[in-house]
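There are 2 protein chains.
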Amino acid sequence: MNDPSVPISSVKRSYEVIDAIRDRGQAGVTELSEALERPKSTIHNHLQTLERLGYVVKTNGKYRLSTRYFHIGRESRATHEVFVHGIETVKRLERESNGHVQLVVEENGMGAILFATHWRDDDYAPATGRLSLSRVHLHTNAPGKAILAELPPERRSSIIDRYGLPGRTEQTITDEQALRAELETVRTQGYAVDRSEMIDGSTGVGAAITTDDHVSGAIAVYGPTAEIAEEVESGEIVSLVREHADTIQTDIVFGSSK
Amino acid sequence: MNDPSVPISSVKRSYEVIDAIRDRGQAGVTELSEALERPKSTIHNHLQTLERLGYVVKTNGKYRLSTRYFHIGRESRATHEVFVHGIETVKRLERESNGHVQLVVEENGMGAILFATHWRDDDYAPATGRLSLSRVHLHTNAPGKAILAELPPERRSSIIDRYGLPGRTEQTITDEQALRAELETVRTQGYAVDRSEMIDGSTGVGAAITTDDHVSGAIAVYGPTAEIAEEVESGEIVSLVREHADTIQTDIVFGSSK
DNA sequence: AGGTTTGTTCGATAATGTGGTACGAGCCAG
DNA sequence: CTGGCTCGTACCACATTATCGAACAAACCT
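Each protein sequence line maps, in turn, to chains A and B. Residue numbers are given in this note's numbering: position 169 of the first sequence equals residue 165, and the series is strictly consecutive. Residue numbers are given in this note's numbering: position 178 of the second sequence equals residue 174, and the series is strictly consecutive.
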C-alpha cells in the first residue's frame, strides 16, 4: 500500500487522478474511484483540492482539466533557449525542405518534442499509452541519436542502462555495440539519419544543437521514405539540416533572431 | 500551519513549488526553500517526487518544469468542443478582420484564453502576477461580457459575488447595476463591445457561442481603437464576429469543420 | 587548501491523508 | 408525481506519512 518509489505519495495520487481524467477527457468521482481503485472519498478529496487550486474544473457534474496546464506549458516551453532562439529557424527549415520538422530536447534521458511543424492545433493524441509521441526513446530516431552522440559518455551509458534499447520497428538499433558504433559515426559526421527506425516508411535527418559543450537540443526533418530518400542520400537535406542547426547554435550564443 | 482552504495540503505545497519554479524559469533547492519559507528537506522531497513523476527536470543542478505540462495542456485543450470545431473559423476570422482574434471559455467564473492569433510561439508572459493574461475577469472585456450575458442568472450572480468587479482601466464597468444593464443589452443584441475597458486604447467585439442552452465559449476581435473604432461603430466588425460565432455554433452541433 | 554555500540523507514526532460509513441531491423510469 | 437508484459530498477515527531539524557530503569560489 505504501510506495517507496516516490517520497510524497499523495502528490503521486494526485497526478494519478490527473492522468485518469486525461484518459477520459472528463470524468466523475465514481468513475475515477473505480478506475484507480480508491474510495470515493479519497478521490473526492483530491478533486476538490485540484479544483480549489484551479487545475481541474467541474462542468455539469464532470471534472476536466483546466486550461492552466496549457498556460503553464506554454510558459515553460519558452524557458528553453533552444526553443526561443530556434523556433523561427525551424519554421524556415520546414519551408525550405518540404518535410516535417521537429525541435527536440533531452529530458530525463528521453526525447521530448518542443515543437513539430506537423502538429495541428486541433489534433489530439488519443491517449493510447500515456507518453504516446510526446516522449520518445533517444536511440529510436534521428534527433535522438544526434543528441545521444553529443552527450557526455557517462550520461550516455546511464541512459542506456536505465531504459535499455527497446525496438520500435525492425530497423531500430537494439544492439548496444551497434548503437555505440552508429553514435560514433553520428558524432564525427555531425548528423544522424533515421531509416525507418522510428516509424516504418519514414526517413529523417537530425542534427544536434550544442552550446558551451552542452547539448541544448536537436532538430530533424522527416518525410516518407519514397519522397525524401534520394535527397537524404545525396546529402541535400543533410546539409540543410546541419546549416540550420548551426544557425540556431549561433543565435543562442549571440542572442539574435529573437 | 494548517490550511483548511484545501483538503490535501501537500498537493497544494507541491503546486507552490511548481509556481515558484515557474516564476524563476529554473531554481535550486535552497532558493525555493527560502522563497516558500519551508525547510530545505521538505522542498527537496517535493522536487524529488515531481522529478520521479516526470514533471520536473534537473539540469546541471537547477530544477525546471518539464515539457509534460505542455503536452498535457495541448491534449486537454483539445477536449473543448469549441476549440476543436472553432479553431479554423477563428483563424479565418483573423484573415477577414485584420484584428487580433481570441477564443475564450469560462472556467471557474473567469475567462480562460484557449487560443489567440496574437500569440507568438516564442513569447513568454514574464510571470508578472501568476494569472497574468491567461485568466481574466469576465466583466472586463468583450468575450467575457458576451459569456456573462448568456450564463444562467444564478451563476452570473455567484460569479459577481465571488470576484467582485475590480477595475482594470478607467472604463471598466465596476458598478453592478451598470453591468447588469450592459449585460441585458449584450444579451438582446447578441454581441458585446469593449471600449478600452480591458486595455486602454484597445477596442474589441465579442460574441458568445451557445449550444444546447449552455455557453461553450466566445470569440472576439480586438484592435487599436484608432484603427478599428469606425468599423466597430458601423457594425461591420460586429456582424463579422457574430457570423463566425454562428458558424462555430452550427459546426459544434452538426459536427462539421473538423 | 579553507571556508562557504549547496544538495542530500536520516529519523522522530505530530500532523494529516486515508477510507469506511452515512447523508443528500439529482436522475430516470414507472 | 413518486419511487428507486446512482452519484457526489460530508464526517470522523485511526494509522499512515509528510514535515522539520540537524547533520552529512559535495561542489564552488575565493
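Every residue gets a Cβ at the ideal spot worked out from N, C-alpha and C, and that includes glycine.
Item                                                                                                                                                                                                   : Value
State the CB to CB distance for the pair residue 134 of chain A and residue 215 of chain A, rounded to an integer number of angstroms; the pair is presumed to be in contact (CB under 8 angstroms).   : In fact, because the Cβ distance is near 15 angstroms, the residues do not count as touching under 8 angstroms.
Just to make sure I have the definition right: I need the residues of chain A whose C-beta is within less than 9 angstroms of the C-beta of residue 162 of chain B. Which are they?                    : In chain order: nothing, as chain A lies at least about 18 angstroms away.
By how many angstroms is the C-alpha of residue 248 of chain A removed from the C-alpha of residue 213 of chain A?                                                                                     : 12 angstroms
So is residue 251 of chain A in contact with chain B if we call contact Cβ pairs under 8 angstroms?                                                                                                    : no
Ordered along the chain, which non-local residues of its own chain (more than five positions away) have a Cβ less than 6 angstroms from that of residue 141 of chain A?                                : 182, 188
Keeping to the same chain, check which residues put their C-beta closer than 8 angstroms to that of residue 113 of chain B; ignore five residues upstream and five downstream.                         : 86, 87, 90, 96, 97, 98
When DSSP builds the beta bridges, which residues end up paired with residue 58 of chain A?                                                                                                            : A:55
Is residue 147 of chain A helix, strand or coil when you go by DSSP?                                                                                                                                   : coil
Cβ atoms of residue 66 of chain A and residue 1 of chain B: under 8 angstroms apart, would you say?                                                                                                    : no
Decide if residue 35 of chain A is buried, meaning its Cβ has at least 16 other Cβ atoms within 10 Å, or exposed.                                                                                      : exposed
Starting from residue 8 of chain A, find everything on chain B with Cβ-Cβ shorter than 9 angstroms and list it in chain order.                                                                         : 45, 48, 49
Express the C-alpha separation of residue 102 of chain B and residue 29 of chain A in angstroms, rounding to a whole number.                                                                           : 27 angstroms
Helix, strand or coil: which one does DSSP assign to residue 99 of chain B?                                                                                                                            : strand
Could you check whether the Cβ of residue 59 of chain B sits closer than 8 angstroms to any Cβ belonging to chain A?                                                                                   : no
With 16 other CB atoms within 10 Å as the buried threshold, where does residue 163 of chain A fall?                                                                                                    : exposed
Grouping DSSP H, G and I as helix and E and B as strand, with all else coil, what is residue 275 of chain A?                                                                                           : Shown here, chain A extends from -3 to 254; a query on residue 275 of chain A therefore has no answer.
Check whether the stretch 193 to 205 of chain A touches the stretch 239 to 248 of chain A, counting contact only when three or more Cβ pairs, one atom from each stretch, lie closer than 8 angstroms. : yes
Using a cut-off of 8 angstroms between C-beta atoms, extract the partners of residue 73 of chain A located in chain B.                                                                                 : 63, 66
Within the 8 angstroms Cβ cut-off, does residue 299 of chain B reach chain A?                                                                                                                          : Missing from the structure shown is residue 299 of chain B; chain B here goes from -3 to 254 and no further.
Suppose you measure from the CA of residue 257 of chain A to the CA of residue 209 of chain B; what does that come to, to the nearest Å?                                                               : In the structure as shown, chain A starts at -3 and stops at 254, and residue 257 of chain A therefore has no counterpart that could be examined.
Per the DSSP calculation, residue 191 of chain B is bridged to which residue(s)?                                                                                                                       : B:199
Does the beta carbon of residue 110 of chain B sit closer than 8 angstroms to a beta carbon anywhere in chain A?                                                                                       : yes
Assuming residue 258 of chain A and residue 167 of chain A make a contact with CB atoms under 8 angstroms, what is their CB distance in whole Å?                                                       : Only positions -3 to 254 of chain A appear in this structure, which leaves residue 258 of chain A out of reach.
Among B:137, B:160, B:169, which residue has its Cα nearest to the Cα of residue 199 of chain B?                                                                                                       : B:137
Say whether chain B places a C-beta atom closer than 8 angstroms to the C-beta of residue 197 of chain A.                                                                                              : no
Is it true that the CB of residue 161 of chain A sits closer than 8 angstroms to the CB of residue 169 of chain A?                                                                                     : yes
What do you reckon, are the CB atoms on residue 107 of chain B and residue 139 of chain B nearer than 8 angstroms?                                                                                     : yes
Under 7 angstroms Cβ to Cβ from residue 58 of chain A, same chain only, skipping five residues before and after it: list those, please.                                                                : 22, 23, 24
Going by the DSSP bridge assignment, what does residue 109 of chain A pair with across the sheet?                                                                                                      : A:100
Return the chain-ordered list of same chain residues with a C-beta closer than 8 angstroms to the C-beta of residue 230 of chain B, the five sequence neighbours on each side being excluded.          : none
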